[in-house]
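So for the sequence shown, the numbering used here puts the first residue at 183; every next one is plus one.
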Amino acid sequence: MDGKMNQNLMNLIKRVHGLVEKPDIEKYRQSQDYIGAILSSARDIVYKEVNIEGMYGEWVGVSRAHMKKYVILHCHGGGYSTGSCLYARTLTSKLAASTSMDVLCFNYRLAPEHPYPAAPEDAMKAWNYLMLLGYGARDVILTGDSAGGNLALSLMLRLKQEGRLLPRGLVLMSPWTDLTSSGESFLEKAELDPVLTNAYIDSMIKAYAPGEELTDPRISPLFGDFTGFPPVYIQVGENEILLSDSARLHQAFVEANVPVRMDIFPGMWHVFQMSPMKAARTAMDKNAEFIYDICR
Numbered sequence: 183m184d185g186k187m188n189q190n191l192m193n194l195i196k197r198v199h200g201l202v203e204k205p206d207i208e209k210y211r212q213s214q215d216y217i218g219a220i221l222s223s224a225r226d227i228v229y230k231e232v233n234i235e236g237m238y239g240e241w242v243g244v245s246r247a248h249m250k251k252y253v254i255l256h257c258h259g260g261g262y263s264t265g266s267c268l269y270a271r272t273l274t275s276k277l278a279a280s281t282s283m284d285v286l287c288f289n290y291r292l293a294p295e296h297p298y299p300a301a302p303e304d305a306m307k308a309w310n311y312l313m314l315l316g317y318g319a320r321d322v323i324l325t326g327d328s329a330g331g332n333l334a335l336s337l338m339l340r341l342k343q344e345g346r347l348l349p350r351g352l353v354l355m356s357p358w359t360d361l362t363s364s365g366e367s368f369l370e371k372a373e374l375d376p377v378l379t380n381a382y383i384d385s386m387i388k389a390y391a392p393g394e395e396l397t398d399p400r401i402s403p404l405f406g407d408f409t410g411f412p413p414v415y416i417q418v419g420e421n422e423i424l425l426s427d428s429a430r431l432h433q434a435f436v437e438a439n440v441p442v443r444m445d446i447f448p449g450m451w452h453v454f455q456m457s458p459m460k461a462a463r464t465a466m467d468k469n470a471e472f473i474y475d476i477c478r
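This is the structure:
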């Protein structure tokens, strides 16, 4: 990719992830949806709206014959303050296309209007919806990007705590796992990260978990007990301030004897998989390979 095109893409990505300078959160959410719609206009993908106990959900699937036994439940990113099914189409349409599986995404309530624990409550609602449809826990692959990675982990920890069956596997793209921001990459990558800033992360934390204990595993899953978790695959960009959130999570899974793999993509940024470029396609192919492996 040439320099100018790369710069244009970075400007678009920055608009997608949003920076602190945008005080009007409603406008910002709309521009995210707009970009999501532009970047995900695939011809062979079908979108179907569903109502999950009053919460908007969306099925994303390919219009050709495809796998019906397994299903993907995707938790979208956006710092818990932005993001939606429409915005997430940049990933859900690629997940559906690369795996030939149906993907369910859902619009969980957003901060600051709905801080913690609104999002985890809504994630559980989406999980229960799939169970009521007749899927078994082992028929579901849970995926999440950024704050959605946090939400996916939080859901897993809650299912485990309640003694319920866990999904077949977990795919995390640039997961945000530590809201105490204690990882080294918050300082080491601050100059390199083209998308996220520490100020942006701080503002998201204040909106989502005001007055909460940030080391609580339901808020910072990095500090959770992962014993008994199913296989996990983590992808992260080399140049993001959240690199430590993935690296330390990987280590925690290793220590808990969970089958885990992590790929660090050279020169890449936060949730680069959304972008229309070769590295993103490679990453999505790897996600599909992992999903096929665990579904054998």
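All C-beta atoms in this analysis are idealised placements derived from N, C-alpha and C, irrespective of residue type, glycine included.
{"Asked": "Excluding the 5 residues preceding and the 5 following Asn380 in the sequence, name in chain order all residues of the same chain whose CB lies nearer than 8 angstroms to its CB.", "Found": "Ser363, Phe368, Ala372, Ile423"}
{"Asked": "Starting from Thr409, trace the alpha helix (DSSP H) in both directions and tell me its first and last residue.", "Found": "That residue, Thr409, is in no alpha helix (DSSP H); it is neither H nor E in DSSP."}
{"Asked": "For Asn310, count the other beta carbons within 10 Å of its own beta carbon; 16 or more makes it buried, fewer makes it exposed. Which is it?", "Found": "exposed"}
{"Asked": "Take Asn332 and list the residues in its own chain whose beta-carbon comes closer than 7 angstroms to its own, dropping the five residues that flank it on each side.", "Found": "Pro357, Trp358, Thr359, Pro403"}
{"Asked": "Which partner residues does Gly241 have in the DSSP bridge list?", "Found": "Rather than Gly, the amino acid found at residue 241 in this sequence is Trp. According to DSSP, Trp241 bridges with Lys230, Leu286."}
{"Asked": "Taking the alpha-carbon positions, what's the Pro458 to Leu221 distance?", "Found": "7 angstroms"}
{"Asked": "Classify Met459 as helix, strand or coil using the three-state DSSP reduction.", "Found": "coil"}
{"Asked": "With a 10 Å radius around its C-beta and 16 neighbouring C-beta atoms as the bar for buried, classify His248 as buried or exposed.", "Found": "exposed"}
{"Asked": "Give the C-beta separation of Leu277 and Asn439 to the nearest angstrom, bearing in mind that I take them to be a contact with Cβ-Cβ under 8 angstroms.", "Found": "With 8 angstroms as the limit, Leu277 and Asn439 do not qualify as a contact, their Cβ atoms being about 28 angstroms apart."}
{"Asked": "For Asp398, report the span of its beta strand (DSSP E) as first-last.", "Found": "Where Asp398 is concerned, there is no enclosing beta strand (DSSP E), given that its DSSP letter is neither H nor E."}
{"Asked": "Taking only the alpha-carbon atoms, compute the straight-line gap between Asp407 and Glu395 and give it to the nearest angstrom.", "Found": "17 angstroms"}
{"Asked": "Residues bridged to Ile323 by DSSP?", "Found": "Ile254, Gly351"}
{"Asked": "Would you list, in sequence order, the uninterrupted alpha helix (DSSP H) runs of no fewer than 4 residues that lie entirely inside the region 291–321?", "Found": "300–315"}
{"Asked": "When the Cα atoms are used, what is the spatial distance from Ile217 to Glu471?", "Found": "28 angstroms"}
{"Asked": "In its own chain, which residues sit with a C-beta less than 7 angstroms from the C-beta of Val453, not counting the 5 before and 5 after it?", "Found": "Gly259, Asp327, Ser328, Met355, Ser356"}
{"Asked": "For Ile473 and Ala434, I'd like the C-alpha separation in whole angstroms.", "Found": "21 angstroms"}
{"Asked": "Between the region 286–296 and the region 261–273, can you find at least three pairs of beta-carbon atoms closer than 8 angstroms?", "Found": "yes"}
{"Asked": "Please go through the same chain and pick out, in chain order, the residues whose beta-carbon is closer than 6 angstroms to the beta-carbon of Ser336, but skip the five residues on each side of it.", "Found": "Pro302, Arg400, Pro403"}
{"Asked": "Is the CB-CB distance between Leu352 and Pro412 below 8 angstroms?", "Found": "yes"}
{"Asked": "Select from Ser426, Gly261, Phe447 the residue whose C-alpha is nearest the C-alpha of Ile383.", "Found": "Gly261"}
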